[in-house]
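Shown next, in C-alpha cells, is the structure this report addresses.
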Amino acid sequence: MYFLYNGVWSGGHCVTGVGEPSTTWNFAEGSTREGFDEWLCLQNPDALASRADLTFMTGEGEVVPYQVDLPPRSRTTLHVNHIMGPDKDVSVSISSERPIICERPMYFRRWTVF
C-alpha cells in the first residue's frame, strides 16, 4: 500500500495477511510521540458480537485497560493517540471473547538528519 497521509506524509507498507482469527494479539513498540500516528483495527468476522479487552502498557510502566464492543461482521478502528494521549511509547495486548483479526497501522514522519 502506498499513501499520502493527511496530505503531508508519504510512504508505503506491506504486511502478511493472518492465517486465521485469534482470541489474543500482541503489538510491541508503538508510539504516540510527535510525528507518530498509531491506530488499531479490530475485525470481528463472526456472526455474533464480541468484546475486546485491551491492555496498553507504556515505557514508564503505566498499565491502561480499555474495552470495546465489536458488532458482528464489522471492523472497529481505534486511534491510540486519542486513547493514550501524546508522548507515549506504548505496547498493547488484546484479548477477545471470540476470535478476531487485529492490525496496527502506524504512520510516522520520516526525519531527515543533516
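Mapped onto my numbering, the consecutive letters of the sequence shown carry residue numbers 32 to 145. Even for Gly, the Cβ is constructed at its ideal location relative to N, Cα and C.
Apart from the five residues on each side of it in sequence, which residues of its chain come closer than 6 Å, Cβ to Cβ, to Ser41? Stepping through the sequence shown from its first residue, residue 41 is reached at position 10. Contacts found: Leu35.
Whole angstroms are fine: how far does the CA of Gly90 sit from the CA of Ser105? By 1-based counting over the sequence shown, the position of residue 105 is 74. By 1-based counting over the sequence shown, the position of residue 90 is 59. So the two alpha carbons sit approximately 32 Å from each other.
Out of Glu60, Pro76, Gly66 and Ser62, which one is the CA nearest neighbour of Ser53? Locating residue 53 in the sequence shown gives position 22, counting from the first residue. The residue with the shortest Cα to Cα distance from Ser53 is Pro76.
Residues near Met137 in its chain [Cβ-Cβ closer than 8 Å; skip 5 each side]: Taking the first residue of the sequence shown as 1, we reach residue 137 at position 106. Cβ within range, chain order: Gly61, Ser62, Phe67, Asp68, Glu69 and Trp70.
Per the DSSP calculation, Met88 is bridged to which residue(s)? Residue 88 sits at position 57 when you count from the first residue of the sequence shown. Paired residue(s): Val94 and Ser122.
Rounded to whole angstroms, what is the Cα-Cα separation between Phe145 and Ala83? The count along the sequence shown starts at 1 and reaches residue 145 at position 114. The count along the sequence shown starts at 1 and reaches residue 83 at position 52. The predicted model places Phe145 with a pLDDT of 46, which falls under 50 and marks its position as unreliable; any figure quoted below should be read in that light. Their backbone Cα atoms lie some 44 Å apart in a straight line.
For Asn112, report the span of its alpha helix (DSSP H) as first-last. Working through the sequence shown from its first residue, we reach residue 112 at position 81. Element bounds for Asn112: Val111 to Met115.
Could you check if Cys133 is buried or exposed, using at least 16 other CB atoms within 10 Å of its CB as the buried criterion? To locate residue 133, count along the sequence shown from 1; it is residue 102. Cys133 should be labelled buried.
Tell me which same chain residues have a C-beta within less than 6 Å of the C-beta of Lys119, skipping the five on either side of it? Working through the sequence shown from its first residue, we reach residue 119 at position 88. Closer than 6 Å at the Cβ level, and outside the excluded window around Lys119, lie Thr63 and Thr89.
What whole-angstrom Cβ distance do Ser81 and Ser127 have, given they're in contact under 8 Å? Locating residue 81 in the sequence shown gives position 50, where the first residue counts as 1. Locating residue 127 in the sequence shown gives position 96, where the first residue counts as 1. Right, their Cβ atoms sit about 5 Å apart.
Once you ignore the five residues that flank Val111 on each side, which residues in its own chain have a CB closer than 7 Å to its CB? Locating residue 111 in the sequence shown gives position 80, counting from the first residue. The residues are Gly61, Thr63, Glu69, Trp70, Leu71 and Val121.
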